[in-house]
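Residue 217 in full-length UniProt numbering sits at position 217 of the sequence shown, with consecutive numbering throughout. Just so you know, even glycine gets a beta-carbon here, dropped at the ideal spot from N, CA and C. So the structure is just underneath, and the comments pick up after that.
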Amino acid sequence: MQPLNVQQLSYQGSEKSPQSVLLVHGLFGSGDNFKALGKELSENFQVYLVDALNHGQSPRAKSMQYHQQADALIATLDAFNIESCYLLGHSMGGKLAMATALLYPQRVDKLIVADMAPIAYQHGHNAEFKGLQSVNLEQIQNRRDADEVLAKYISDSSIRQFLLKSLKKDHNQWHWLFDVDNLEQTYPQMIDWPFTGQSYQKPTLFIKGQNSDYIKESDQQTITTQFPNARFKVIMQAGHWLHAQKPSIFNRLVKDFFSSEN
Numbered sequence: 001m002q003p004l005n006v007q008q009l010s011y012q013g014s015e016k017s018p019q020s021v022l023l024v025h026g027l028f029g030s031g032d033n034f035k036a037l038g039k040e041l042s043e044n045f046q047v048y049l050v051d052a053l054n055h056g057q058s059p060r061a062k063s064m065q066y067h068q069q070a071d072a073l074i075a076t077l078d079a080f081n082i083e084s085c086y087l088l089g090h091s092m093g094g095k096l097a098m099a100t101a102l103l104y105p106q107r108v109d110k111l112i113v114a115d116m117a118p119i120a121y122q123h124g125h126n127a128e129f130k131g132l133q134s135v136n137l138e139q140i141q142n143r144r145d146a147d148e149v150l151a152k153y154i155s156d157s158s159i160r161q162f163l164l165k166s167l168k169k170d171h172n173q174w175h176w177l178f179d180v181d182n183l184e185q186t187y188p189q190m191i192d193w194p195f196t197g198q199s200y201q202k203p204t205l206f207i208k209g210q211n212s213d214y215i216k217e218s219d220q221q222t223i224t225t226q227f228p229n230a231r232f233k234v235i236m237q238a239g240h241w242l243h244a245q246k247p248s249i250f251n252r253l254v255k256d257f258f259s260s261e262n
């Protein structure tokens, strides 16, 4: 299994062998999504910003099954000689983080899951896929052209701006930093949750956005069955993109949890 692409941030502290922290973005994102958090954490940790499969500079794959994504993440740890890490994931990245902790508990010492539960979800990104597939990369002149097409399908301008961060131009050709076709074809795998028998016993923090329905009250028992050492925090007036909407609160929760003794 090929390792994933990562950005290794410069460690700002004084310890000779600092704890490694891996940050994993959600669907349609990239490692850059967590750059600000990563820079804050780099004062105390060796931080790696991960591009998931089919995103950013990471390999393209016809499967997004979580056991294969977890294998790729472990290959990444091996490539950097990281014996064990602290792991954070948001949304799809949260599922990848949970899967990795369940399958390879000896490699994950602490886990943070941002606005995601260990359950199967219903389809929820049809509008985004329709919009992305409707952007003619041969014809657009700039991001504004792409935004006008996306707006026919996605009314929320903040979601459009998030997607447009991954629209790049190289050698006079526009392209997305994620593989739209592969992601659309493998979307049923990403919303699934095939892990029901395993449990992860180490410290875990679930952070929920108050206005998001990705973690419901009814999911709490499912969470604590698989993650019996889980704690829960809610960020008020935040939705699913809680790390972008309330970065100072989110970053503080992450730093406090990763820095605590247990």
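Do you know offhand how far residue i's Cα is from residue j's?
i, j, result
"Phe-195", "Gly-93", "15 Å"
"Gln-122", "Tyr-187", "10 Å"
"Trp-174", "Leu-167", "7 Å"
"Thr-225", "His-171", "51 Å"
"Arg-60", "Ile-223", "31 Å"
"Lys-130", "Val-6", "29 Å"
"Ala-114", "Ile-235", "11 Å"
"Ala-52", "Glu-138", "26 Å"
"Ser-58", "Ala-230", "30 Å"
"Gln-2", "Ala-72", "6 Å"
"Gln-245", "Ser-158", "10 Å"
"Met-190", "Tyr-11", "33 Å"
"Ser-218", "Trp-193", "16 Å"
"Glu-15", "Asp-213", "40 Å"
"Asp-109", "Pro-203", "7 Å"
"Phe-181", "Pro-105", "Here residue 181 is Asp; the residue named in the question, Phe, does not match the sequence. Rounded to whole angstroms, Asp-181 to Pro-105 spans 32 Å at the Cα level."
"Ile-82", "Leu-164", "33 Å"
"residue 285", "Gly-197", "Lying outside 1 to 262, the shown extent of the chain, residue 285 is not represented and no answer is given."
"Thr-117", "Asn-136", "Per the sequence shown, residue 117 should be read as Ala rather than Thr. The alpha-carbon atoms of Ala-117 and Asn-136 are separated by roughly 35 Å."
Between residue i and residue j, which are expected to be in contact by the criterion C-beta below 8 Å, what is the C-beta distance as a whole number of angstroms?
i, j, result
"Ala-75", "Leu-88", "Their Cβ separation, rounded to whole angstroms, is 19 Å, which puts Ala-75 and Leu-88 out of contact at 8 Å."
"Ile-112", "Leu-205", "5 Å"
"Leu-177", "Gly-38", "No, Leu-177 and Gly-38 are not in contact; Cβ-Cβ is about 18 Å, not under 8 Å."
"Asn-44", "Ser-259", "6 Å"
"Ala-238", "Asn-211", "6 Å"
"His-67", "Leu-103", "6 Å"
"Ala-70", "Ala-99", "5 Å"
"Ile-215", "Phe-250", "The Cβ separation is near 15 Å, so there is no contact."
"Glu-128", "Ile-154", "6 Å"
"Leu-77", "Leu-49", "The pair is not a contact, with the Cβ atoms about 14 Å apart (cut-off 8 Å)."
Does the beta-carbon of residue i have 16 or more other beta-carbons within 10 angstroms, so that it is buried, or is it exposed?
i, result
"Phe-232", "exposed"
"Gln-221", "exposed"
"Ser-13", "The amino acid at residue 13 is misidentified as Ser; the sequence shows Gly. Its Cβ having fewer than 16 others within 10 Å, Gly-13 is exposed."
"Asn-54", "buried"
"Gln-8", "exposed"
"Gln-46", "buried"
"His-125", "buried"
"Ser-91", "buried"
"Lys-62", "exposed"
"residue 335", "In the structure as shown, the chain starts at 1 and stops at 262, and residue 335 therefore has no counterpart that could be examined."
"Ala-120", "exposed"
"Ser-30", "buried"
At 3 residues or longer, and completely inside the segment 147 to 189: list those beta strand (DSSP E) runs for me, N to C.
167 to 170, 173 to 176
Please confirm if the segment 18 to 28 is in contact with the segment 143 to 154, defined as three or more CB-CB distances below 8 Å between the two stretches.
no
Ignoring anything shorter than 4 residues, give me the alpha helix (DSSP H) runs that lie fully in the segment 54 to 116, in order along the chain.
66 to 79, 92 to 103
Which ranges does the alpha helix (DSSP H) cover as unbroken runs of at least 4 residues, wholly within the segment 2 to 60, from first to last along the chain?
35 to 41
Inside the segment 220 to 247 only - alpha helix (DSSP H) runs reaching at least 4 residues
220 to 226, 242 to 245
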